[in-house]
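Structure first, commentary second.
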Amino acid sequence: MKLVLNQDIVSYNGSNRLKKFLNAGMVMIWPALIVFVIEWMQRNNYKSTVDWMMQNGSEAFFNYLLSFLLNLLMIAVTGYIHIGSFIYSVLALLFSIINVNKMKFLGEPFYPWDFLMARNILNLLRYLYEYMDLMKSVLLVFLFVLFYFIVRNRKFSIHIRWVYRVIVGIISASAIFSIAFYEYTPVKSVIDAFNIERIMWEQKSNYEKNGMLLSFILNTEFAFVKAPEGYGEALVAETVNEIIQYIGNDQKVTQSMEKPDIILIMDEAFWDPTSFNTILFENDPIPTIRQYQSGSMLSPTFGGSTANVEFEVLTGFNNAFFNRGSIPYQQYIHKPIPSLVSILKDYGYMTTAIHPYYNWYYRREKVYIYLGFHQFIHLENFDKSNVKGHFISDEQVFQKIIEHLQTNSDPSFIFAITMQNHGPYEKNRYEDEMANSIQVLDGNIPDDSLDMLNTYTQGVMDADRSFRILEDYVSNRPKPTIIVFFGDHLPYLGENYALYSQAGFIDPENWTLEDIKKIRSVPLVIYSNYMDMKDTVTEVSPSFLFSKILKMADIKVPVYYQFLEQLSNELPVFLKDLVMDVQGSLYEQVPEEFSNLIDAYRVIQYDILFGRQYSKNILFDLFSAFETE
Numbered sequence: 017m018k019l020v021l022n023q024d025i026v027s028y029n030g031s032n033r034l035k036k037f038l039n040a041g042m043v044m045i046w047p048a049l050i051v052f053v054i055e056w057m058q059r060n061n062y063k064s065t066v067d068w069m070m071q072n073g074s075e076a077f078f079n080y081l082l083s084f085l086l087n088l089l090m091i092a093v094t095g096y097i098h099i100g101s102f103i104y105s106v107l108a109l110l111f112s113i114i115n116v117n118k119m120k121f122l123g124e125p126f127y128p129w130d131f132l133m134a135r136n137i138l139n140l141l142r143y144l145y146e147y148m149d150l151m152k153s154v155l156l157v158f159l160f161v162l163f164y165f166i167v168r169n170r171k172f173s174i175h176i177r178w179v180y181r182v183i184v185g186i187i188s189a190s191a192i193f194s195i196a197f198y199e200y201t202p203v204k205s206v207i208d209a210f211n212i213e214r215i216m217w218e219q220k221s222n223y224e225k226n227g228m229l230l231s232f233i234l235n236t237e238f239a240f241v242k243a244p245e246g247y248g249e250a251l252v253a254e255t256v257n258e259i260i261q262y263i264g265n266d267q268k269v270t271q272s273m274e275k276p277d278i279i280l281i282m283d284e285a286f287w288d289p290t291s292f293n294t295i296l297f298e299n300d301p302i303p304t305i306r307q308y309q310s311g312s313m314l315s316p317t318f319g320g321s322t323a324n325v326e327f328e329v330l331t332g333f334n335n336a337f338f339n340r341g342s343i344p345y346q347q348y349i350h351k352p353i354p355s356l357v358s359i360l361k362d363y364g365y366m367t368t369a370i371h372p373y374y375n376w377y378y379r380r381e382k383v384y385i386y387l388g389f390h391q392f393i394h395l396e397n398f399d400k401s402n403v404k405g406h407f408i409s410d411e412q413v414f415q416k417i418i419e420h421l422q423t424n425s426d427p428s429f430i431f432a433i434t435m436q437n438h439g440p441y442e443k444n445r446y447e448d449e450m451a452n453s454i455q456v457l458d459g460n461i462p463d464d465s466l467d468m469l470n471t472y473t474q475g476v477m478d479a480d481r482s483f484r485i486l487e488d489y490v491s492n493r494p495k496p497t498i499i500v501f502f503g504d505h506l507p508y509l510g511e512n513y514a515l516y517s518q519a520g521f522i523d524p525e526n527w528t529l530e531d532i533k534k535i536r537s538v539p540l541v542i543y544s545n546y547m548d549m550k551d552t553v554t555e556v557s558p559s560f561l562f563s564k565i566l567k568m569a570d571i572k573v574p575v576y577y578q579f580l581e582q583l584s585n586e587l588p589v590f591l592k593d594l595v596m597d598v599q600g601s602l603y604e605q606v607p608e609e610f611s612n613l614i615d616a617y618r619v620i621q622y623d624i625l626f627g628r629q630y631s632k633n634i635l636f637d638l639f640s641a642f643e644t645e
């Protein structure tokens, strides 16, 4: 390339021939080596990496091309070939490490929008030592030692003049942009000719087939939510009329004289481990939850992305309308929006969020204000000496709930998220309580899986005991109270659903709709001290949950939430990859008979979150819920 070889472009001292060779290698060859190391780290196997490159030549070429362009861009930014290549290498390998650990612990790859949650990502790096084996460590050390000698030996340094830096920077940035948004650029014909396919519906497969760099860049377009076709005031008005006609004009209003306290508890990774039919337990780890269990909630996530579940519960909006991997708290909520929190606030409730972790995590300290919470009790408000395992105990969270109920005279809405049973579930996590933690008998699974299950089971046992404390308190208080308890998702128990596969719970190599349902179903408890709610809800999506609870509490909600309640009576489960009708039939996509209703759901969600909020005054106004004589 003339960029590095033409003396009119660069200025230097030293041997021309050696300098040209080294710098040409930095520009042309080094990016290929970085791609190989990145993919080796992802696949954790030299042979698998070579096989991928041989079997997916087009994808491997585009990964190299992106690596070349990114390296070139950093060279243009720094003005030095060796420094630019060094910085690019550090960043590329850092992103690779983050991707590996995010996949390992959350089951999701690294997305472009993850930059919005940088502090969250840094938490993953503490697990680096568990991943880096000796061979990779030696290779990385070798690469950086090589770079060190190149950088230190200034006689080989080449400085690029600013005019050419600008030209190269514009060209490389434009090329990267064209690939990222290829659907709208001439690059589309090239991508299509190479048979490159984005696998948006299954990102793990996307990254495995297309490689990390290419998958990451191709996901950039989906950081933005597309407007429904024809979006505007006319479409929203038409949609609003359809919704009003759908729910009918016979919505009776019978507001309770005394508003019940409402406690909503989302327990971290809470699930029933006895669902493993092939594994025996010494006794029931969740007797209290089993006693009061109403049914199941079907989570939109697995193993992580807790904030996406609470987003659905608190707003009634649905993640199915977003791109896979999206985190609405991080990406989309930057202004006040109508929510079930704001509804209760308007009714005179004291609205409180409780979470024993950092208030900045998932931007909760800002999002909770936008949703309508009066206060947020977070990690700084807890006794950090009362840690169980790695986190604040469930019992302390439940005690916080009781304290609030005791001190607040206004009707209370409390939304609590626990943390104790967050993974990883390493052996001897509850070493001081080993006498109580051995609850799992040998079920023909490997010892490391058995240890992991023992640790996890101890966590759900503690959650069950904590729920019993709250239930005992509520059952003896005179004020009407409703408790809703559920897990946010199933626990992450090994790579590629290892323990679930070993126990015969699912077959991760041959997914069925029933398997998806099982891997998303968490226990749901609806308890009240003034009415029987045990069998009121059987199976439900989180976006439909709270409108049902408010109906049971005899609290009238705006038209939009009446719409969700009626829709859920026909289509109780609506996830991105699973739909279930009231008869229990499972579908991969929305049945045709419900498509118009789901389209209306999508239009209103877009209007409120991203549009002009044309529907807000009609569908979300509290007083629109009440009929006038």
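Per the numbering used here, the very first residue in the sequence shown carries number 17; after that it's consecutive. We treat Cβ as the ideally placed atom computed from N, Cα and C, and that holds for glycine.
- For S358, the closest C-alpha among the options I430, H371 and Y80 is that of I430.
- In the pairwise beta carbon analysis, the stretch 471 to 486 is classified as touching the stretch 295 to 302: at least three pairs are separated by under 8 Å.
- Bounds of the beta strand (DSSP E) holding V500 are T497 to G503.
- For P344, no beta strand (DSSP E) run applies; the uninterrupted alpha helix (DSSP H) run containing it begins and ends at P344 to Q347, by DSSP.
- Excluding its 5 nearest sequence neighbours in each direction, F210 has C-beta neighbours in its own chain below 6 Å: S74, listed in chain order.
- Spatial neighbours of A191 in its own chain (CB-CB distance under 6 Å, excluding positions within 5 residues in sequence) are listed in chain order as L85.
- Secondary structure note for S409: it is in no beta strand (DSSP E), with a DSSP letter that is neither H nor E.
- Counting the other Cβ atoms within 10 Å of the Cβ of V556 gives 16 or more, which makes it buried.
- When the five nearest sequence neighbours on each side are left out, the beta carbons in the same chain lying within less than 6 Å of the beta carbon of I614 are those of V606, in order along the chain.
- By the neighbour-count definition (other C-beta atoms within 10 Å, threshold 16), H371 is a buried residue.
- Rounded to the nearest whole angstrom, the CA to CA distance from D480 to F286 is 9 Å.
- Note on geometry: alpha-carbon atoms of V66 and L110 lie some 22 Å from one another.
- Per the Cβ contact rule, the stretch 86 to 101 is in contact with the stretch 178 to 193 (3 or more Cβ pairs under 8 Å).
- Per DSSP, reduced to three states, the secondary structure at M57 is helical.
- For the pair Y543 and P496, the CB atoms are not nearer than the 7 Å cut-off.
- Counted as a single uninterrupted DSSP element, the alpha helix (DSSP H) harbouring M477 occupies residues D463 to S491.
- Counting the other Cβ atoms within 10 Å of the Cβ of D410 gives 16 or more, which makes it buried.
- Around the Cβ of D548, a 10 Å sphere holds fewer than 16 other Cβ atoms; the residue is exposed.
- According to the DSSP assignment, F431 belongs to the beta strand (DSSP E) that extends over S428 to I433.
- Apart from sequence neighbours up to five positions away, the residues of its chain that approach S517 with a beta-carbon distance below 6 Å are P524, ordered along the chain.
- Here DSSP, grouped into helix, strand and coil, assigns D300 to coil.
- The residues P524, in chain order, have a CB closer than 8 Å to that of N512 in the same chain once the five nearest residues on each side in sequence are set aside.
- As the crow flies, the alpha-carbon of W178 is around 22 Å from that of S105.
- Between L395 and Y374, the beta carbon gap of about 6 Å places them in contact (Cβ cut-off 8 Å).
- Remark: C-beta atoms of S112 and M57 approach each other more closely than 7 Å.
- Residue environment: I620 is assigned as buried (16 or more neighbouring CB atoms within 10 Å of its CB, all protein chains considered).
- Each residue's CA atom was taken as its position, placing N460 and I343 some 38 Å apart.
- In the structure shown, the three-state DSSP call for S401 is coil.
- Taking a cut-off of 8 Å on C-beta distances, the stretch 237 to 257 touches the stretch 621 to 636, as three or more cross pairs fall below it.
- Comparing alpha carbon positions, the residue from D504, W527, E609 and I99 closest to L540 is D504.
- In the DSSP annotation of this structure, the continuous segment of the alpha helix (DSSP H) that includes A514 starts and ends at A514 to Q518.
- Excluding residues up to 5 positions away in sequence, Y386 lie with their Cβ nearer than 7 Å to the Cβ of K351 in the same chain.
- Closest option to Q261, judged by alpha-carbon separation, among V575, E609 and L594: V575.
- Under the DSSP assignment, Y576 falls in the alpha helix (DSSP H) whose first and last residues are V575 to E586.
- Counting only residues of its own chain and dropping the five nearest sequence neighbours on each side, F318 has a CB closer than 8 Å to the CB of G123, H505, L506, Y508, I535 and R536.
- In this structure N115 is buried. Its beta-carbon is surrounded by 16 or more other beta-carbon atoms within 10 angstroms.
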